[in-house]
Amino acid sequence: DGESKIVLIPVVVAVDCPFPPSDKIGINSVQRENEEIVPMRAMKMAWVPYVPLEDRLSRIDSLKTKIFTLGCTQRRSALKHLKEERVKKFDYCMPYYMPLSPPEDEDDTVVNIMYPLEPPIVCDFDWEMDDMEDFIDEKVKDEVLPEDEKEKFKDFIKERVRERKRELKQAKEARKKAIDDMDPKLKEAFENIRFYKFYPVKTDDTPDVSQVQ
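Going by the numbering used here, the letters in the sequence shown line up with residues 579 to 791, in that order.
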């Protein structure tokens, strides 16, 4: 019938590791150019012991749980008075994990461009594959970039490329230092870390997504 629906599918991600996989939170959204990485305590979040419902009246230390969940440690009364900007940050919080092996995009040569025009120019630029002049001329030809904006657009792209190269270099250096300074036992644990993702069991009211997979 041509009707489109957005369905949020809840998932559970389990991490098998003898140490906390991270003490940092990544805050990211489509409105942000770069991911903001902050300590968990800055967002009042921490790994807290998981206590089954039937044991919640017991002493936590007597349970000796080996299961922890990421939770908010801020008092409920304080949560009611948070500013809207702070609340939105929680919407985009995800545990930040830095793997020992380099991520696939460490040597990525693509930058995301969002040039402030009306409407804005949103595109990707590959500084190895794309020729700058041809790339800009194509935008003018497609009538998304005015002729008199060419130089400004070029400077904007160059600055984004410089920023991205700087980010990649800093990330590479930070990962190397973190690995070099890591306790051998912690390093071994991270080398053997395992991630598991659980999806809901299919039910009668589960939407059919076969056409959009």
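Here a beta-carbon is modelled for each residue, glycine too, at the ideal position from N, C-alpha and C.
Could you check what DSSP says for Ile603 in three-state terms: helix, strand or coil?
-> strand
With 16 as the cutoff for other CB atoms within 10 Å, does Pro599 come out buried or exposed?
-> buried
Where does the unbroken alpha helix (DSSP H) through Met710 begin, and where does it stop?
-> For Met710, the enclosing alpha helix (DSSP H) begins and ends at 710-719.
In this structure, does DSSP put Pro627 in helix, strand or coil?
-> strand
Please go through the same chain and pick out, in chain order, the residues whose beta-carbon is closer than 7 Å to the beta-carbon of Val665, but skip the five residues on each side of it.
-> none
Same chain, Cβ closer than 6 Å to Val688, five either side skipped, listed in chain order | Asp702, Asp704
To the nearest whole angstrom, what separates the beta carbons of Phe646 and Pro627, a pair I think is in contact under 8 Å?
-> 6 Å
Using a Cβ-Cβ cut-off of 8 Å (strictly less than) and excluding sequence neighbours within five positions of Lys765, which residues of its own chain qualify?
-> Leu678, Ile757
So, using beta-carbon positions, are Ala752 and Phe597 closer together than 8 Å?
-> no
Inter-residue Cα distance where the pair is Ala624 and Val779 = The straight-line gap from Cα to Cα measures roughly 29 Å.
Between Asp715 and the ligand SAM, is the CB less than 7 Å from at least one heavy atom?
-> The model depicted lacks the ligand SAM and carries no ligand whatsoever.
Leaving out five residues on either side along the sequence, give the residues of the same chain with a beta carbon under 7 Å from the beta carbon of Pro724.
-> none
Euclidean distance between Cα positions of Gly649 and Tyr777 = 20 Å
Tell me which same chain residues have a C-beta within less than 6 Å of the C-beta of Lys728, skipping the five on either side of it?
-> Ile714
Three-state class that DSSP yields for Glu613 in the structure shown = coil
What's the C-alpha gap between Arg653 and Arg619?
-> C-alpha separation (whole angstroms): 13 Å.
Look at the alpha carbon of Glu706 and the alpha carbon of Val739, and state the distance between them as a whole number of angstroms.
-> 11 Å
Locate the alpha helix (DSSP H) running through Lys743, then write down its first and last residues.
-> 728-758
Distance, Val589 Cα to Asp782 Cα = 18 Å
Would you mind reading off the limits of the alpha helix (DSSP H) that contains Leu657?
-> 654-657
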